[in-house]
Amino acid sequence: MPPARDVAIVAFAQTDHLRHTDELSEVEMVMPILHQVLSQTGLKTSDIGFTCSGSTDYLAGRAFSFTMALDGVGAWPPISESHVEMDGAWALYEAWVKILTGEADTALVYAYGKSSSGQVRDVLTRQLDPYYLAPLWPDSVSLAALQAQALIDAGDTDEPALAGIAARSRTSASDNPHAQLAGARPQGEYLVRPLRTGDCPPIGDGAAAVILAAGDRARELCERPAWIRGMDHRIDAHSLGVRDLTDSPSTRLAAEHAGVFDRPVDTAELHAPFTSQEVVLRKALKLDDSVSVNPSGGALAANPVMATGLIRIGEAAARIHNGTSDRALAHATSGPCLQQNLVAVLEGEAQ
Amino acid sequence: MTAASPPEVLRAPLVVEFPFTRSLGPVQSAFLTGLRERTVLGVRTGDGKVLVPPVEYDPVTAEEIRDLVEVAPTGTVTTWAWNPSPRRDQPLKTPFAWVLVKLDGADTAILHALDAPGPESVHTGLRVRIRWAGDRTGAITDIACFEPYEGKTGEAAGPHEGRFADMVTGIIAPARLDYTYSPGRAQTRYINALSERKTVGERCPSCHKVYVPPRGACPTCGVATTDQVEVGPAGTVTTYCIVNIKARNLDIEVPYVYGHIALDGADLALHGRIGGIPYDQVRMGLRVEPVWTEGGRYPDHYRPTGEPDADYDAYKELI
Numbered sequence: 001m002p003p004a005r006d007v008a009i010v011a012f013a014q015t016d017h018l019r020h021t022d023e024l025s026e027v028e029m030v031m032p033i034l035h036q037v038l039s040q041t042g043l044k045t046s047d048i049g050f051t052c053s054g055s056t057d058y059l060a061g062r063a064f065s066f067t068m069a070l071d072g073v074g075a076w077p078p079i080s081e082s083h084v085e086m087d088g089a090w091a092l093y094e095a096w097v098k099i100l101t102g103e104a105d106t107a108l109v110y111a112y113g114k115s116s117s118g119q120v121r122d123v124l125t126r127q128l129d130p131y132y133l134a135p136l137w138p139d140s141v142s143l144a145a146l147q148a149q150a151l152i153d154a155g156d157t158d159e160p161a162l163a164g165i166a167a168r169s170r171t172s173a174s175d176n177p178h179a180q181l182a183g184a185r186p187q188g189e190y191l192v193r194p195l196r197t198g199d200c201p202p203i204g205d206g207a208a209a210v211i212l213a214a215g216d217r218a219r220e221l222c223e224r225p226a227w228i229r230g231m232d233h234r235i236d237a238h239s240l241g242v243r244d245l246t247d248s249p250s251t252r253l254a255a256e257h258a259g260v261f262d263r264p265v266d267t268a269e270l271h272a273p274f275t276s277q278e279v280v281l282r283k284a285l286k287l288d289d290s291v292s293v294n295p296s297g298g299a300l301a302a303n304p305v306m307a308t309g310l311i312r313i314g315e316a317a318a319r320i321h322n323g324t325s326d327r328a329l330a331h332a333t334s335g336p337c338l339q340q341n342l343v344a345v346l347e348g349e350a351q
Numbered sequence: 001m002t003a004a005s006p007p008e009v010l011r012a013p014l015v016v017e018f019p020f021t022r023s024l025g026p027v028q029s030a031f032l033t034g035l036r037e038r039t040v041l042g043v044r045t046g047d048g049k050v051l052v053p054p055v056e057y058d059p060v061t062a063e064e065i066r067d068l069v070e071v072a073p074t075g076t077v078t079t080w081a082w083n084p085s086p087r088r089d090q091p092l093k094t095p096f097a098w099v100l101v102k103l104d105g106a107d108t109a110i111l112h113a114l115d116a117p118g119p120e121s122v123h124t125g126l127r128v129r130i131r132w133a134g135d136r137t138g139a140i141t142d143i144a145c146f147e148p149y150e151g152k153t154g155e156a157a158g159p160h161e162g163r164f165a166d167m168v169t170g171i172i173a174p175a176r177l178d179y180t181y182s183p184g185r186a187q188t189r190y191i192n193a194l195s196e197r198k199t200v201g202e203r204c205p206s207c208h209k210v211y212v213p214p215r216g217a218c219p220t221c222g223v224a225t226t227d228q229v230e231v232g233p234a235g236t237v238t239t240y241c242i243v244n245i246k247a248r249n250l251d252i253e254v255p256y257v258y259g260h261i262a263l264d265g266a267d268l269a270l271h272g273r274i275g276g277i278p279y280d281q282v283r284m285g286l287r288v289e290p291v292w293t294e295g296g297r298y299p300d301h302y303r304p305t306g307e308p309d310a311d312y313d314a315y316k317e318l319i
């Protein structure tokens with residue numbers, strides 16, 4: 001079923017992604033990109049119908065840290081606003097639904113993460129089942145390594161193929177001025193076998209913002225809007241021992257509902273923080289070699305946790321804005337081993 | 001006033017510690033109590049599968065499931081990952097393998113650690129058994145880890161009532177996360193000035209309000225505050241409350257007064273304790289000044305200056 005309104009991404013901005021940003025508070029990191037997306041469209045805060053953000057207090061280690069970041073929006077007189085304790089891709093989903101209902105015609109969506117403040121591998125254990133998993137502190141790299149070994153055992157990949165994904169991604173990132181790791185590099189030692197340092201994302205800080213607009217408003221604000229033709233998110237069981245870790249049924253189902261399989265896409269921005277996860281996603285999304293996968297370098301080139309998924313959508317939109325893509329897929333993930341997945345299809349009008 | 005210059009970055013350790021206190025459903029309670037008694041229980045789903053670890057609801061149909069079965073403490077590795085550098089709270093202190101293990105009699109796998117000499121001794125399909133913890137309390141950590149096992153395949157022991165003496169009904173899982181906190185440019189400038197016993201706010205270039213303490217952005221205009229402005233030291237109490245509850249680890253006699261204080265030159269009130277005056281004589285409009293203690297990084301409290309009270313109209317916009 002096509003969406004009830006035509007809604008497009010009309011602007012996208014992201015910070016440079018860095019290992020440390022100690023000199024900046026969260027709001028100081030976020031504010032410049034909020035100003036960038038507003039100036040790209042000529043909109044002021046007061047023109048925005050709905051504002052939605054994604055972040056997590058666990059990265060900062062402080063309760064309600066997102067309320068401080070909101071200072072950068074200029075939220076007075078009171079604005080219509082919401083926040084998700086999830087990747088900003090889900091904030092974008094909420095904003096899209098808000099526009100589809102007719103309650104807003106424009107929306108500002110942003111997300112940020114400062115992983116440098118803590119130990120992100122440990123922080124992410126706190127999202128796990130508190131009864132059977134969290135007391136064991138299985139960190140994010142270890143869980144991804146269990147998935148990678150399952151893929152190797154199944155014959156879906158091997159270490160040289162994973163190294164190839166790492167090299168391709170970081171070579172692509174050479175064209176991305178915001179990337180933290182640009183250019184291929186040695187795979188390094190095992191971090192958690194079978195994953196080597198090169199199979200894992202860099203740890204760093206960053207933020208991203210997009211503006212959505214409906215119908216003719218989108219055409220006024222952007223020369224070639226990236227129309228959201230469909231978007232859906234689905235979830236698999238949390239317990240890893242219940243799932244087939246070599247597959248992602250939730251990604252496939254979300255893609256079906258978003259309309260991915262109706263016509264071929266030319267570009268796919270996949271949120272795969274680990275090389276092995278790209279293998280799972282390519283299979284679930286039936287992507288062949290004709291599709292340009294992660295031309296930005298993807299999460300292997302920059303992984304500001306909580307913003308990485310939103311950046312995938314923004315990067316796909318940016319390629320439609322500049323005419324290098326006509327129909328792009330964007331994917332975001334959350335939870336251990338690709339537990340929850342969001343898929344969007346973006347299109348540009350004929351050039 | 002002075003234009004903002006890049007300050008030296010401040011850093012401080014920040015430790016967040018909290019006990020996760022959770023109650024258990026009937027299936028989880030039976031499973032965790034069972035571990036305490038060296039008995040592993042699974043739960044049977046509507047289509048006959050045995051889930052270990054067990055859950056309260058069928059993952060496919062969402063049906064309530066309650067049929068418990070005992071499974072063997074032996075099983076087979078379904079996937080593994082070698083962890084050369086165990087992290088602080090992980091199950092073993094020496095290098096180990098993370099494993100998913102399908103216990104004999106179960107249809108799903110449980111995550112835990114495997115104590116093995118090295119990665120060359122681990123493979124998918126390896127036979128393992130539970131090594132029980134010496135001190136068991138009814139938690140997933142009652143399984144110390146798995147260990148390689150060459151004996152015969154265990155058998156599912158069949159239905160189990162799931163009743164034990166002294167059932168475990170909740171868990172308390174301690175959590176600790178370590179951070180290094182950096183306050184950012186504006187707050188760094190503020191803290192550096194405080195060390196010289198000065199209170200320095202920042203002015204919004206758009207609406208010209210002076211924020212104290214500054215946080216880097218004007219929340220009304222959404223732009224960076226730029227100019228540093230020294231405010232105070234004296235100010236006016238705009239509103240206050242009388243605290244009758246003694247806070248833990250705080251050595252202040254109750255009742256005491258906590259107030260909003262608009263320092264002279266500031267467009268936002270900050271809060272602080274008001275002392276040097278009986279609690280029932282504090283009033284709106286009272287003029288106060290900071291009191292510093294030896295080595296204090298910020299004012300300990302504010303006390304009356306002795307000036308006449310400020311006129312209501314002078315501070316009503318700051319309440």
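For the record, the sequence lines run as chains G and F. Quick note on full-length UniProt numbering: the first sequence kicks off at 1 and runs consecutively. Quick note on full-length UniProt numbering: the second sequence kicks off at 1 and runs consecutively. Ideal Cβ placement from N, Cα and C applies to all residues, glycine included.
Within chain F, the residues that residue i reaches when beta carbons sit closer than 8 Å
i, result
"ARG126(G)", "ALA175, LEU177"
"GLU28(G)", "GLY184, ARG185, ALA186, GLY216, ALA217, ALA224"
"PRO130(G)", "PHE20, ARG22, ILE171, ALA173"
"GLY61(G)", "LEU14, VAL16, LEU177, TYR179, TYR181"
"ASP71(G)", "ARG215, GLY216, ALA217, CYS218, PRO219, GLY222"
Best match in the options for proximity to residue i [C-alpha to C-alpha]
i, options, result
"LYS102(F)", "GLY125(F), LEU286(F), ARG87(F), LYS316(F)", "GLY125(F)"
"CYS221(F)", "HIS35(G), VAL7(G), SER82(G)", "HIS35(G)"
"PRO233(F)", "HIS301(F), TYR240(F), GLY216(F)", "HIS301(F)"
"ASP104(F)", "ARG248(F), VAL128(F), ARG44(F)", "VAL128(F)"
"PRO13(F)", "THR293(F), ALA269(F), THR180(F), CYS241(F)", "THR180(F)"
"GLN149(G)", "ALA344(G), CYS337(G), SER80(G)", "CYS337(G)"
"LEU51(F)", "ALA134(G), PRO135(G), SER239(G)", "SER239(G)"
"GLN180(G)", "LEU43(G), HIS20(G), LEU38(G)", "HIS20(G)"
"LEU270(F)", "ASP251(F), VAL210(F), ASP311(F), ASP309(F)", "VAL210(F)"
"VAL71(F)", "GLU155(F), GLU56(F), ARG287(F)", "GLU155(F)"
"ASP178(F)", "MET284(F), ARG87(F), ASP47(F)", "ARG87(F)"
"ALA254(G)", "TYR93(G), PRO78(G), ASP71(G), ASP6(G)", "TYR93(G)"
"PHE66(G)", "ASP115(F), LEU10(F), PRO219(F)", "PRO219(F)"
"ALA314(F)", "HIS160(F), GLY46(F), MET284(F)", "MET284(F)"
For residue i, three-class secondary structure by DSSP
i, result
"ASN192(F)", "helix"
"ARG273(F)", "strand"
"ALA173(F)", "strand"
"THR2(F)", "Confidence is the limiting factor: at THR2(F) the pLDDT is only 47, short of 50, which leaves the residue's position unreliable, though a coordinate-based value still follows. Reduced to three states, the DSSP call for THR2(F) is coil."
"LYS283(G)", "helix"
"TRP76(G)", "coil"
"ARG196(G)", "strand"
"ARG229(G)", "strand"
"TYR315(F)", "helix"
"VAL7(G)", "strand"
"TYR190(G)", "strand"
Pair within 8 Å by beta-carbon distance, residue i and residue j
i, j, result
"ALA144(F)", "PRO91(F)", "yes"
"LEU342(G)", "TRP90(G)", "yes"
"GLU26(G)", "ALA95(G)", "no"
"THR125(G)", "GLU85(G)", "no"
"LYS259(F)", "VAL282(F)", "Checking the displayed sequence, the identity of residue 259(F) turns out to be Gly instead of Lys. For GLY259(F) and VAL282(F), yes; Cβs fall inside 8 Å."
"LEU263(F)", "VAL291(F)", "no"
"TYR190(G)", "TRP80(F)", "no"
"ALA173(F)", "PHE20(F)", "yes"
"LEU100(F)", "GLY241(G)", "yes"
"ALA237(G)", "PRO59(F)", "yes"
"GLY206(G)", "ALA302(G)", "yes"
"THR246(G)", "LEU151(G)", "yes"
Proximal chain G residues relative to residue i, where beta-carbon distance stays under 9 Å
i, result
"LEU51(F)", "SER239, GLY241, VAL242"
"GLN90(F)", "LEU136, TRP137, PRO138, ASP139, SER142"
Contacts of residue i in chain G (Cβ-Cβ under 7 Å)
i, result
"ARG11(F)", "ASP22"
Per-residue contacts from residue i into chain B (C-beta, under 9 Å)
i, result
"CYS221(F)", "Protein chains in the displayed structure are G and F, and chain B is not among them."
Does the region 210-224 of chain G come close enough to the region 105-115 of chain G that 3 or more CB-CB pairs lie under 8 Å? Three or more Cβ pairs closer than 8 Å define a contact, and the region 105-115 of chain G meets that threshold against the region 210-224 of chain G.
Using 8 Å as the threshold, is the region 305-323 of chain G in touch with the region 2-14 of chain G, meaning 3 or more CB pairs across them? yes
How do the region 159-170 of chain G and the region 268-283 of chain G stand: do at least 3 beta-carbon pairs fall below 8 Å, yes or no? yes
With contact counted as at least three CB pairs below 8 Å, one residue from each stretch, are the region 25-39 of chain F and the region 150-167 of chain F in contact? yes
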